[in-house]
Ligand code: IMP
Ligand code: MG
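Numbering (my numbering), first residue to last: 50 to 225.
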């Protein structure tokens, strides 16, 4: 068991579990995008480890870039997503894969999809290591999902609790 700030967390998924799943996802994306040179766009901060390990398993030419966003829960069901760091290159005519650590309500992914599709991409796919179906409020289809997990808070492997825990090589779940 580990402690971050005031909360305790228990082991949930090992580094080997994560790597095997990223390998499976990368293989699928490699097959689907044969003949393309995709741009993988990681969503900071959380996705930095996912992108790093995913691209090592990707077989083929690709580009890697990042955006940084922060989401704010509104008073209603719509959250506001603010772009803090954008992209410097054009996405027109490109095959783009958004890489997320976790899709929760879906606010972030819906907004990113809207922004990138507005730039005239050839195709846009969404890959996420974790998906919480019980929390998802959107209709945006997710193309590649690593793990469907219960609606419980997790940390590690890039994911934080109030800034801490991103450096953990495995995933921990909030202790009940
Ligand atoms: P969204 O609600 O799908 O827009 O997700 C917004 C962001 O909330 C994610 O990119 C994560 O940074 C964060 N988040 C959601 N669930 C968790 C969790 O279980 N642990 C840590 N961060 C989370
Ligand atoms: Mg994220």
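C-beta atoms are modelled at their ideal positions from N, C-alpha and C, and glycine is treated no differently.
- Counting C-beta pairs closer than 8 Å gives fewer than three between the stretch 130-143 and the stretch 179-190, which falls short of the contact rule.
- In the three-state reduction of the DSSP assignment, residue 134 falls in the strand class, which pools E and B.
- Counted as a single uninterrupted DSSP element, the alpha helix (DSSP H) harbouring residue 101 occupies residues 97-106.
- Annotation: residue 165 is outside any beta strand (DSSP E); the continuous alpha helix (DSSP H) that includes it extends over 156-166.
- Look at residue 151: its beta carbon is less than 7 Å from one of the heavy atoms in ligand 1.
- Residue side-chain check: residue 156 places its Cβ nearer than 7 Å to a non-hydrogen atom of ligand 1.
- Put simply, the backbone Cα of residue 73 is about 16 Å away from that of residue 191.
- If you compare the alpha carbons of 116, 84 and 166 with that of residue 148, the shortest gap goes to 116.
- Relative to ligand 1, the nearest heavy atom lies less than 7 Å away from the CB of residue 95.
- In the three-state reduction of the DSSP assignment, residue 76 falls in the helix class.
- DSSP, read as helix, strand or coil, puts residue 186 in coil.
- Annotated three-state conformation of residue 64 is helix, per DSSP.
- Bridge pairing for residue 57: 52 [DSSP].
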